[in-house]
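Residue numbers (this note's numbering): 1 to 396.
Virtual Cβ for every residue (Gly too), placed ideally from N, Cα, C.
Predicted, not measured: the structure shown is a model, and the values here were computed from it.
What follows is a short report on a single structure.
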Ligand SMILES: Cc1ncc(COP(=O)(O)O)c(C=O)c1O
């Protein structure tokens with residue numbers, strides 16, 4: 001398993017930023033995970049949930065959730081702090097988004113939600129940010145009183161729990177994205193929890209093989225770059241050059257990209273690949289959660305005095321997806337970290353065009369300031385020390 005690999009491979013104990021390392025934004029694919037000898041493990045939630053439909057990505061699950069709940073022409077109360085593509089998927093399926101305040105600590109404002117709930121409201125849409133839970137008991141109570149179903153968006157909170165209760169297990173429907181937290185080439189899911197939703201579940205089409213192989217190769221190369229230092233980085237760059245040249249000569253080699261912000265109605269029926277399912281079966285969920293919690297704590301301990309994140313505690317069960325670093329000049333910090341070999345994500349810079357930014361100033365500030373730092377399961381304590389030292393240097 002990734003977390004138990006030999007740290008000695010990269011040598012050194014440097015806690016300072018002097019030595020350049022490659023720190024990937026996403027977990028990488030270790031060759032051993034593809035071995036036919038690798039043992040399957042008991043599936044964590046939502047894998048193995050009785051009514052789970054695996055899709056190519058989460059946006060497809062959002063689209064089908066609207067269809068299953070019959071929300072076309074109805075309002076859906078959605079957080080003003082969102083990615084954007086989930087809103088596009090809701091709207092493409094015919095729902096009307098009504099935006100609700102989220103505060104500067106990424107908490108959905110339930111009073112504002114109540115105030116904005118009108119007679120055409122058809123559902124409440126909740127997003128758990130960065131692996132940290134929104135208060136599902138309160139939300140469920142409110143929803144029950146209003147007679148509305150809850151769609152629980154766990155695209156950023158796979159394997160996370162509120163105590164011992166997995167996120168995504170109490171919403172009427174829940175949405176997952178797998179490739180943000182696991183080294184799978186594609187994958188997301190729709191999970192139906194409410195017994196009252198009796199409609200037949202969609203049957204997705206097969207994922208395109210070329211896309212699956214292309215993303216898996218990219219994750220294997222990222223692993224080489226991570227493990228082998230400069231040699232691996234050079235190998236990855238060379239392979240990318242070959243792929244770019246091949247794509248230049250044949251438009252047919254273009255894969256169905258994950259992680260984009262545009263909703264493609266033509267891809268709404270695409271399912272998850274068998275390769276993603278096989279990799280997911282072999283992962284040690286406990287070890288992944290433990291590594292993410294440890295890495296978040298390590299960054300928190302080293303950065304909270306300089307740049308306290310919206311989440312200054314890691315509640316029991318939470319599996320952080322990343323460390324939301326607040327900074328005044330995201331672009332500058334990003335480029336300084338990139339120069340140190342560290343990949344970051346400019347988290348949710350813009351929202352969906354239907355959501356007026358000036359109506360939600362705290363959300364606008366989050367969009368302007370939050371930079372996503374990796375805390376994933378490939379990273380070891382010395383990686384986190386290096387990352388924290390580089391961040392301090394970049395901020396100061
Ligand atoms: C909260 C949320 N929901 C849904 C999605 C859609 O995920 P996918 O890219 O798997 O379609 C995203 C994408 O980042 C997201 O952040």
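Task: DSSP three-state assignment for residue 2, whether helix, strand or coil - done: Confidence in residue 2 is poor, its pLDDT being 41 and thus under 50, which makes the residue's placement unreliable; the coordinate value appears in the next sentence. Helix, per DSSP.
Open item on the list: Whole angstroms are fine: how far does the CA of residue 377 sit from the CA of residue 62?
Closed with: 27 Å
Open item on the list: Let's see if you can read the secondary structure: which residues bound the beta strand (DSSP E) around residue 335?
Closed with: That residue, residue 335, is in no beta strand (DSSP E); its alpha helix (DSSP H) goes 330-339.
Open item on the list: Please determine whether the Cβ atom of residue 305 lies at a distance below 6 Å from any heavy atom of ligand 1.
Closed with: no
Open item on the list: When you compare the CB positions of residue 263 and residue 35, do they come within less than 7 Å of one another, or not?
Closed with: Not in contact: residue 263 and residue 35 (Cβ atoms no closer than 7 Å).
Open item on the list: I'd like to confirm something about residue 151: is its beta-carbon nearer than 6 Å to some heavy atom of ligand 1, or not?
Closed with: no
Task: Burial state of residue 162, where buried means 16 or more other Cβ atoms lie within 10 Å - done: Burial is judged here by how many other beta carbons sit within 10 angstroms of a residue's own beta carbon; residue 162 has at least 16 and is buried.
Open item on the list: If you follow the beta strand (DSSP E) that residue 52 is in, where does it begin and where does it stop?
Closed with: 52-55
TODO: Pick out whichever of 327, 117, 268, 27 has its Cα sitting closest to the Cα of residue 54.
DONE: 268
TODO: Note down, in chain order, each residue of its chain lying with its Cβ closer than 7 Å to the Cβ of residue 333, except the 5 sequence neighbours on either side.
DONE: 327, 371, 394, 395
Open item on the list: I need the boundaries of the beta strand (DSSP E) containing residue 99, first residue and last residue.
Closed with: Where residue 99 is concerned, the enclosing beta strand (DSSP E) stretches over 96-100.
Task: Option nearest residue 198 by Cα separation, candidates 215, 70, 216 - done: 70
- [ ] Flag this pair as yes or no: are the beta carbons of residue 102 and residue 79 separated by less than 7 Å?
- [x] yes
Task: Among 283, 312, 290, the one whose alpha carbon lies nearest that of residue 44 - done: 283
Open item on the list: I'd like to confirm something about residue 124: is its beta-carbon nearer than 6 Å to some heavy atom of ligand 1, or not?
Closed with: no
Open item on the list: Less than 6 Å separating the Cβ of residue 49 from some heavy atom of ligand 1?
Closed with: For ligand 1, not one heavy atom lies less than 6 Å from the Cβ of residue 49.
Task: Per-residue burial, residue 276 [other beta carbons within 10 Å of its own, 16 or more giving buried] - done: buried
TODO: Could you pull out every residue in the same chain whose Cβ sits closer than 7 Å to the Cβ of residue 384, ignoring the five residues on either side in sequence?
DONE: 295, 298, 299
Open item on the list: With the cut-off set at 7 Å, would you say residue 167 and residue 128 are in Cβ contact?
Closed with: Yes; because the gap between Cβ atoms is below 7 Å, this pair is in contact.
Task: Nearest-angstrom Cβ-Cβ length linking residue 259 and residue 23, presumed shorter than 8 Å - done: Not really, about 18 Å apart at Cβ, beyond 8 Å.
Open item on the list: Rounded to the nearest angstrom, what separates residue 97 and residue 293 at their Cα positions?
Closed with: 33 Å
TODO: Would you tell me roughly how many angstroms separate the C-alpha atoms of residue 140 and residue 113, rounded to the nearest one?
DONE: 13 Å
Open item on the list: Using a Cβ-based criterion (distance less than 6 Å to any ligand heavy atom), does residue 127 qualify as near ligand 1?
Closed with: The answer is yes for residue 127.
TODO: Please classify residue 246: is it buried, with 16 or more other beta-carbons within 10 angstroms of its beta-carbon, or exposed?
DONE: exposed
- [ ] Verify the contact flag: residue 117, CB atom, against every heavy atom of ligand 1, threshold strictly below 6 Å.
- [x] no
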